[in-house]
Amino acid sequence: MLSQVGLAKIRVPAVEGWFSIDESEPYLLGSKCTKCGTIYFPQEGTFCKNPRCRSETFEQVRLSNRGKIWSYTDAQYQPPPPYVAVDPFEPFAIVAVELIQEKLIVLGQVVRGVTVDDLRVGMEVELTIDTLYEDEDKVYLVWKFRPVNGPETLRR
Amino acid sequence: MAGSSAIAILGIGMHPWGKWGRNFVEYGLAAANGALDDAGLSWTDIEFISGADTIRNGYPGFIAGATFAQALGWNGTRVSSCYAACASGAQALATARAQILAGLCDVALVIGADTTPKGFFAPVGGERRDDPDWLRFYLMGATNPAYFALYARRRMALYGDTERDFALVKVKNSRHGLSNQFARYRKEVTVEEVLSSPKVCDPLKLLEICATSDGAAALVVASEEFAKAHGSKNRLVRVAGISTVTPIFPNTIIEMPNFSTDSAAGQGVLEATSFRDSIANGAYEEAGIGPQDVDLAEVYDLSSALELDWYENIGLCKQGEGAKLLRDGDTTIGGKVPVNTSGGLSCFGEAIPAQAIVQVCEIVTQLRGDAKDRQVTGAKVGVTANQGLFGHGSSVVLVK
Ligand SMILES: [Zn+2]
């Protein structure tokens, strides 16, 4: 949802350190255990959770920005706070996306305009950075997914 | 089957589930007195009180054991309070069992009670940017039903389950719960009513998602020796196994309140295993039985579709065959292995710290032969199973 006001609002991530804020090159920020190679999202920086690894050192890694839908759903009712919904509430879709290389599944909202009818398990999706909500002077950004082969209008 | 590690259940008590809007202590007390009466004991006979905590009722909820002890009357009784999300009640039972088996006490009271807010479970208040439960609402608007719906859709894609199958679970449970005086919803529903109720999270409808309820349940448990010496008007039911296992890394199923699964990409990590499968396995192992021995089960139907996952997780059928088991009528009262004869969460709604205990109450009622209209003929072995947030889950095996 782009702001319609004359003065551009400041665009800030809704949460620090979870994704790139360069909207032309969207990716999720994970961390990788330097000893056993286990990957974490959001970043793990204290202890490796692999029970056979005692490493406490991690390097920041970019996660693949494409994956396959493991499952999907939507929110037909407005979620409670701290979710900030647009008024009037618009249902949105949520996907669980399998990142093949990282061998993990990550969740995210789907971009506005794509409904569950447009989604299938196994479909390829890509990451994008989009508006989560806005207040008077800021736009808060979050990662979302969209079908790779979706309608052109959805791809900005 | 019930070896030396078994304990006896002398009494069960419940406060009806509903949306009563009163203090949770009041419900807990009603359940506790019910269990004491059922056991033919008084509060002053109890040597250990084990409370399952509620996190939505302030400080008294965090120390539920002491809260109930004070309400029953300070008596010097040793106390424990524990929180383990949906498994809290079973965890409280496991704590009481450990005290009994260690010979530290002979008879204990286990209680869980809750008063819940309306609507979706929301995270505890305040801005908490290091709490994944807060963050999943903030960053994704991902409610509990959204996670249930992901599992449901996955079943449809993998096994060909249909929205009608999910609706049939609700229809079955609504029938089962009709005569249960402790259930909140006692109304039969049709497939059409379920399918035409509003969609909450695709493919799940309003009637397929469990509500949040007020309610309470309690148990009086004792050593075999105490049970023998004390005698009982009820047919004795024993706890033969309790599982409170945690997952094994890497857990590759997406779970509340997480943003991602564990990664299986590390060097030397084990092959991924299913946490939900391991929950009942732990209880079966302790009890020395297998799923083929089970006569009935109470599982956590947070959603209609999730009940089908549980059939497979507790070994009633192979992976992917849950819907067939349901369609064949095997899990309906009168079938091979009835599931959720109490009506399940579908008829109760969830009162978190009481829910794992009320599952046990239903199996005890069935094994005693006291279930009247919903009695499972000849039931000798029952199992409960549930899963909650942050790697908590529990399963209890009960035998006659
Ligand atoms: Zn490691």
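Chains as they are written, first to last, in the numbering used here: chain A, -6 to 149; chain W, 433 to 832. All residues carry an ideal CB built from backbone N, CA and C; glycine is no exception.
For residue i, the nearest candidate out of the options (CA to CA)
i, options, result
"residue 38(A)", "10(A), 69(A), 64(A), 86(A)", "10(A)"
"residue 496(W)", "650(W), 830(W), 451(W), 436(W)", "650(W)"
"residue 525(W)", "517(W), 509(W), 508(W), 543(W)", "543(W)"
"residue 585(W)", "574(W), 692(W), 598(W), 638(W)", "598(W)"
"residue 168(A)", "113(A), 63(A), 58(A), 117(A)", "The structure shown does not extend to residue 168(A), since chain A is modelled only from -6 through 149, so no value can be given for it."
"residue 27(A)", "127(A), 132(A), 51(A)", "51(A)"
"residue 89(A)", "22(A), 83(A), 55(A), 98(A)", "98(A)"
"residue 455(W)", "560(W), 545(W), 665(W), 467(W)", "545(W)"
"residue 522(W)", "812(W), 811(W), 792(W)", "792(W)"
"residue 464(W)", "746(W), 453(W), 447(W)", "447(W)"
"residue 816(W)", "803(W), 716(W), 785(W)", "716(W)"
"residue 557(W)", "515(W), 510(W), 519(W), 488(W)", "488(W)"
"residue 5(A)", "142(A), 140(A), 138(A), 131(A)", "131(A)"
"residue 634(W)", "135(A), 68(A), 60(A), 72(A)", "68(A)"
"residue 63(A)", "100(A), 95(A), 142(A)", "100(A)"
"residue 783(W)", "517(W), 510(W), 476(W), 665(W)", "517(W)"
"residue 48(A)", "32(A), 115(A), 95(A), 75(A)", "32(A)"
"residue 382(W)", "796(W), 781(W), 754(W)", "Outside the displayed span of chain W (433 to 832) sits residue 382(W), for which this structure offers no information."
"residue 641(W)", "699(W), 594(W), 578(W), 662(W)", "578(W)"
"residue 741(W)", "719(W), 583(W), 830(W)", "583(W)"
"residue 75(A)", "478(W), 482(W), 820(W), 573(W)", "573(W)"
"residue 476(W)", "451(W), 508(W), 482(W)", "508(W)"
"residue 575(W)", "534(W), 529(W), 632(W)", "632(W)"
Beta-bridge partners of residue i, as assigned by DSSP
i, result
"residue 819(W)", "825(W)"
"residue 446(W)", "649(W)"
"residue 33(A)", "24(A)"
"residue 63(A)", "According to DSSP, residue 63(A) bridges with nothing at all."
"residue 98(A)", "91(A)"
"residue 107(A)", "Per DSSP, none; premise fails for residue 107(A)."
"residue 778(W)", "Paired residue(s): none; residue 778(W) is not in a bridge."
"residue 139(A)", "119(A)"
"residue 541(W)", "481(W), 652(W)"
"residue 12(A)", "21(A)"
"residue 124(A)", "134(A)"
"residue 807(W)", "In the DSSP output, where bridge partners are listed per residue, residue 807(W) has none listed."
"residue 814(W)", "728(W), 830(W)"
Own chain residues within Cβ distance below 7 Å of residue i, not counting five before or after
i, result
"residue 696(W)", "682, 684, 704"
"residue 605(W)", "733, 772, 775, 776, 778, 779"
"residue 531(W)", "480, 537, 540"
"residue 714(W)", "675, 677, 827"
"residue 566(W)", "555, 560"
"residue 548(W)", "488, 644, 645, 646, 783"
"residue 56(A)", "20, 21, 23, 34, 92, 95"
"residue 493(W)", "456, 485, 486, 487"
"residue 762(W)", "768, 769"
"residue 514(W)", "484, 485, 520, 523, 524, 527"
Whether residue i touches residue j by CB criterion (8 Å)
i, j, result
"residue 814(W)", "residue 727(W)", "yes"
"residue 828(W)", "residue 671(W)", "yes"
"residue 86(A)", "residue 112(A)", "yes"
"residue 504(W)", "residue 580(W)", "no"
"residue 691(W)", "residue 35(A)", "yes"
"residue 485(W)", "residue 785(W)", "yes"
"residue 620(W)", "residue 607(W)", "yes"
"residue 140(A)", "residue 116(A)", "yes"
"residue 698(W)", "residue 30(A)", "yes"
"residue 807(W)", "residue 711(W)", "no"
"residue 658(W)", "residue 679(W)", "no"
"residue 587(W)", "residue 450(W)", "no"
Contacting residues, own chain, Cβ-Cβ under 8 Å from residue i (five flanking each side not counted)
i, result
"residue 667(W)", "799, 800, 801, 832"
"residue 618(W)", "609, 610, 611, 612, 775, 779"
"residue 623(W)", "596, 599, 600, 603"
"residue 693(W)", "682, 683, 684, 685, 686, 687"
"residue 752(W)", "590, 591, 744"
"residue 469(W)", "443, 445"
"residue 137(A)", "101, 102, 103, 104, 120, 121, 122, 123"
Beta-carbon contacts of residue i that lie in its chain and below 6 Å, excluding the five residues immediately before and after
i, result
"residue 460(W)", "500, 543, 545, 648"
"residue 135(A)", "7, 125"
"residue 43(A)", "29, 31"
"residue 439(W)", "529, 532, 653, 671"
Residue i at chain D interface by Cβ criterion, 8 Å
i, result
"residue 633(W)", "The chain labelled as chain D is not found among the protein chains of the depicted structure, namely A and W."
- Message: To test your reading of the DSSP string, which unbroken alpha helix (DSSP H) runs of 4 or more residues are found completely within the segment 576 to 607 of chain W?
- Response: Counting only runs of 4 or more, we get 576 to 591.
- Item | Entirely enclosed beta strand (DSSP E) segments - the segment 490 to 528 of chain W, minimum 3 residues | Correct list: 510 to 514.
- Taking only runs that begin and end inside the segment 681 to 749 of chain W, name each unbroken beta strand (DSSP E) of 3 or more residues, in chain order. Whole beta strand (DSSP E) segments, 3+ residues: 728 to 731.
- Item | Every unbroken alpha helix (DSSP H) within the segment 448 to 493 of chain W, with a cutoff of 4 residues, ordered by chain | The segment 448 to 493 of chain W is shown to contain whole alpha helix (DSSP H) runs of 4 or more residues at 456 to 471, in chain order.
- Task: Pick out the complete alpha helix (DSSP H) segments inside the segment 611 to 641 of chain W, 4 residues or longer, and give them in chain order.
- Result: If we require 4 residues or more, the alpha helix (DSSP H) runs fully inside the segment 611 to 641 of chain W come out as 623 to 627.
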